[in-house]
Amino acid sequence: MEEEKYFALDEKGAAEYVCNKGFFDSTELTCQEIGDGNMNYIFRISDGRKSVILKQAGMTTRLSSGRTISRERNRREAAALAAENEIMPDSAPEVYLYDEVMDCMVMEDLKDHTVLREALLAGESVYPKLAEQLSSLLAETWIKTSDMGKEHSQKKYHVKQFINPELCEISERLVFDEAMFNLSGQNSVEPENDMFVTTNIYENQRLHLEAGKLKYRYMTLAQAFLHGDLHTGSIFVNESGMKVFDSEFAFYGPMGYDIGNVVAHFLLARENARQNHKRELMSWIEETIVQTVEQFVLKMRADRDMPKDAFENILNKWYYMDILEDTAGYAGLELIRRIVGSAKVKDIVSLKPGKRGESERRILETGIDLVLNREKFREPDAFKRLFEQPAL
Ligand code: SR1
Ligand code: MG
Numbered sequence: 025m026e027e028e029k030y031f032a033l034d035e036k037g038a039a040e041y042v043c044n045k046g047f048f049d050s051t052e053l054t055c056q057e058i059g060d061g062n063m064n065y066i067f068r069i070s071d072g073r074k075s076v077i078l079k080q081a082g083m084t085t086r087l088s089s090g091r092t093i094s095r096e097r098n099r100r101e102a103a104a105l106a107a108e109n110e111i112m113p114d115s116a117p118e119v120y121l122y123d124e125v126m127d128c129m130v131m132e133d134l135k136d137h138t139v140l141r142e143a144l145l146a147g148e149s150v151y152p153k154l155a156e157q158l159s160s161l162l163a164e165t166w167i168k169t170s171d172m173g174k175e176h177s178q179k180k181y182h183v184k185q186f187i188n189p190e191l192c193e194i195s196e197r198l199v200f201d202e203a204m205f206n207l208s209g210q211n212s213v214e215p216e217n218d219m220f221v222t223t224n225i226y227e228n229q230r231l232h233l234e235a236g237k238l239k240y241r242y243m244t245l246a247q248a249f250l251h252g253d254l255h256t257g258s259i260f261v262n263e264s265g266m267k268v269f270d271s272e273f274a275f276y277g278p279m280g281y282d283i284g285n286v287v288a289h290f291l292l293a294r295e296n297a298r299q300n301h302k303r304e305l306m307s308w309i310e311e312t313i314v315q316t317v318e319q320f321v322l323k324m325r326a327d328r329d330m331p332k333d334a335f336e337n338i339l340n341k342w343y344y345m346d347i348l349e350d351t352a353g354y355a356g357l358e359l360i361r362r363i364v365g366s367a368k369v370k371d372i373v374s375l376k377p378g379k380r381g382e383s384e385r386r387i388l389e390t391g392i393d394l395v396l397n398r399e400k401f402r403e404p405d406a407f408k409r410l411f412e413q414p415a416l
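To convert a position in the sequence shown, counted from 1, into our numbering, add 24.
So this is what it looks like as C-alpha cells:
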C-alpha cells in the first residue's frame with residue numbers, strides 16, 4: 025500500500041479532502057482560501073447550507089522572509105483549542121478532525137462572527153460584553169491552569185504537553201531580539217522615524233536590559249496556559265460573545281504575556297481610530313482596556329477553594345501585581361515589534377504616509393514607556409495613565 029504523504033492543498037484539493045472525509049453528502053462544493061495570516065492556509069468549504077473551515081500548516085511562513093517552520097504546530101493548535109474550550113466552554117471553535125499526515129484540521133466555521141481587528145477598523149464598538157468575557161477567559165485560564173487552581177503535578181503534565189519550542193522560538197526572535205537589534209536587517213519604519221528608532225531602540229541599552237529580563241521571564245516562567253498570540257486578529261466577536269482562535273503559539277508562560285498582547289492591540293486599534301477621528305470608538309477602546317484589566321484582577325482574586333498549601337495566601341492575594349507589571353512590559357514590547365518588525369498590523373500600515381509616521385512614533389513612545397516604567401502598572405487603575413495625554 026502506498027504511504028500517505030503531506031502535500032499542500034489548493035482550493036480544489038481542500039474541497040475534495042473534506043468531501044472524502046465525509047463532511048458533505050454533495051460533491052457540489054464551493055471553496056475559498058480566506059487566510060490573511062502570516063503562516064497558514066485557511067479554506068472555507070460550503071455546500072450552500074453548511075460550511076466548515078480547513079486549516080493547513082504550510083512549510084514556510086507567508087512573510088517575505090519565507091522561513092521554514094515546523095508543521096507540528098497544527099497538532100498543538102488542535103490540542104490548544106480543545107484546552108481553551110475546557111477552560112471556558114465555547115471560548116474557541118470546535119475541532120472536528122485533525123490529520124497528522126496532512127498537518128491540517130477541519131473545524132467549526134464561525135461565519136456569524138467577525139475578526140475583532142476588522143470590526144474595530146470598520147469602526148464598530150458594539151460589543152458591550154467584550155471586557156466582561158475577555159476578563160472571564162483570562163481569569164478562568166489563570167484559575168484553572170496556574171498553580172493556584174490546578175493540582176500541582178497535573179499542571180506539570182499540562183506544561184509538558186504544551187511545550188512549544190518552534191513557535192516560542194519565533195516569538196523569542198521577533199518580539200525580543202529582532203525588535204531590539206534588527207539582527208536580520210529586515211526591520212522598517214517610515215523614513216522620518218529611522219533616526220528615532222536607531223537612537224531610542226537599537227542603541228538604547230536600558231531598553232535592551234529590560235527586554236532581556238522580559239524575554240527571560242517569557243522563556244522560563246511556566247505560570248499559566250497561554251494562547252501565546254492573543255491579538256485582535258485572533259479574537260472573533262459578535263453581539264453575543266467572543267471566541268479565540270489561531271492558538272498555535274499556545275504554551276505555559278507568564279500570564280501577563282497574553283493580557284499584554286490584548287492591551288497592545290487595543291492600543292493599536294485606538295491609534296487607528298484617533299487618526300480617523302473616531303472619538304467614540306477611542307473611548308470605548310479605552311474603557312475596554314481598563315475594564316478588562318480591572319475585571320481580570322477582581323475575578324482572579326475572588327474567594328474560592330484554594331489548594332491548602334504554601335501558595336494559598338500568595339497566588340490570589342498579591343500575585344496579581346506581578347502579572348500587571350508583566351502585562352505592561354509585554355504590551356510595550358508587542359507595540360514596538362509591530363511597528364519596527366516584519367509582522368506589521370493593518371491598524372497602522374493602512375494609514376496614509378504622513379499619518380502613519382506620526383502614529384508609528386506615538387506607538388513607539390508608548391511602547392518604550394511601558395517597558396521601562398512597567399513597575400508603575402501594578403494596579404488596574406494605573407492603566408488609565410495611558411490615556412491621560414490629549415486624545416486628538
Ligand atoms: C512568522 S509569524 C509572524 C507573526 O504572525 C503571528 O501571528 C505571530 O504574531 C507571529 O509573530
Ligand atoms: Mg496567528
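Ideal Cβ placement from N, Cα and C applies to all residues, glycine included.
Near the ligand SR1: residue i beta-carbon under 7 Å from a heavy atom
i	result
aspartate 393	no
leucine 62	The amino acid occupying residue 62 in the given sequence is asparagine; leucine does not appear at that position. Yes, the ligand SR1 has a heavy atom inside 7 Å of this Cβ.
leucine 292	no
aspartate 253	yes
threonine 3	Outside the displayed span of the chain (25 to 416) sits residue 3, for which this structure offers no information.
isoleucine 66	no
serine 208	no
leucine 250	no
serine 212	no
serine 195	yes
threonine 85	yes
leucine 359	no
leucine 198	yes
Candidates the options, of which the one nearest residue i by Cα
i	options	result
glutamate 358	His255, Glu142, Leu158	His255
glutamate 304	Ala146, Glu101, Tyr281	Ala146
glutamate 311	Glu35, Lys179, Thr169, Leu154	Leu154
aspartate 371	Phe290, Ala104, Arg328	Phe290
aspartate 329	Gly173, Arg141, Met219, Gln315	Gly173
glycine 353	Leu245, Val395, Ala246, Lys179	Val395
lysine 184	Glu175, Leu238, Phe275	Phe275
alanine 417	Arg325, Gly257, Ser383	In this structure the chain extends from 25 to 416, so residue 417 is not present and cannot be described.
lysine 368	Asn397, Ser212, Phe411, Arg325	Ser212
arginine 398	Cys192, Asp171, Glu234	Glu234
leucine 238	Glu52, Val199, Ser50, Asp218	Val199
alanine 203	Glu227, Asn188, Ile187	Glu227
lysine 36	Thr54, Glu403, Leu158, Leu388	Thr54
methionine 243	Gly209, Asp201, Glu196, Asn224	Glu196
aspartate 16	Phe320, His176, Asp333, Gly365	Beyond the ends of the chain as shown, which are 25 and 416, falls residue 16; an answer cannot be given.
valine 364	Glu336, Ser159, Lys341, Arg385	Arg385
glutamate 28	Phe48, Glu124, Lys168, Lys376	Glu124
lysine 379	Ser149, His301, Glu263	His301
Rounded distance between the beta-carbons of residue j and residue i, thought under 8 Å
i	j	result
tyrosine 120	methionine 131	6 Å
asparagine 62	threonine 85	6 Å
phenylalanine 205	isoleucine 313	Going by Cβ atoms, the distance from phenylalanine 205 to isoleucine 313 rounds to 29 Å, so no, they are not a contact pair.
glutamate 214	isoleucine 93	That pair is no contact at about 29 Å.
alanine 248	threonine 351	Not confirmed; about 13 Å, so no contact.
histidine 251	phenylalanine 273	7 Å
arginine 230	proline 278	Between proline 278 and arginine 230 the Cβ distance is about 21 Å, and since that is not below 8 Å, they are no contact.
alanine 293	isoleucine 309	6 Å
Neighbourhood of residue i by C-beta, 6 Å cutoff - its chain only, sequence neighbours within 5 removed
i	result
tyrosine 122	Ala102, Met129
alanine 81	Asn64, Arg95, Arg97, Asn98, Asp127
glycine 391	Gly356, Leu359, Ile360
aspartate 270	Ser258
glycine 59	Tyr65, Ile66
leucine 140	Thr256, Ile259, Val261
threonine 51	Cys43
valine 286	Leu254
Proximity test, residue i beta-carbon vs the ligand ADP heavy atom, cut-off 7 Å
i	result
isoleucine 58	Ligands displayed in this structure: the ligand SR1 and the ligand MG; the ligand ADP is not among them.
Residue i beta carbon near the ligand MG (any heavy atom closer than 7 Å)
i	result
aspartate 282	no
serine 366	no
serine 258	yes
aspartate 270	yes
Beta-carbon proximity list for residue i, same chain, < 8 Å, skipping 5 on both sides
i	result
aspartate 114	Gly265, Lys267
proline 33	The residue asked about is misnamed: residue 33 is leucine in this sequence, not proline. Contacts found: Tyr41, Tyr65, Phe67, Leu78, Gln80, Met126, Cys128.
glutamine 178	none
phenylalanine 186	Arg100, Ala103, Ala104, Ala107, Phe249, Ala274, Phe275, Tyr276
alanine 415	Caution is warranted here: a pLDDT of 48 is assigned to alanine 415, below 50, making its placement in the model unreliable, and no coordinate value can be reported.
phenylalanine 335	Asp171, Met172
Nonlocal neighbours in the same chain, by C-beta distance under 7 Å from residue i, ignoring five residues either side
i	result
serine 75	Arg68, Ile69, Asp133, Lys135
tyrosine 151	Val261
alanine 143	Val261
arginine 409	none
glycine 381	Glu214, Glu216, Asn217
alanine 38	Cys55, Phe67, Ile69, Leu78
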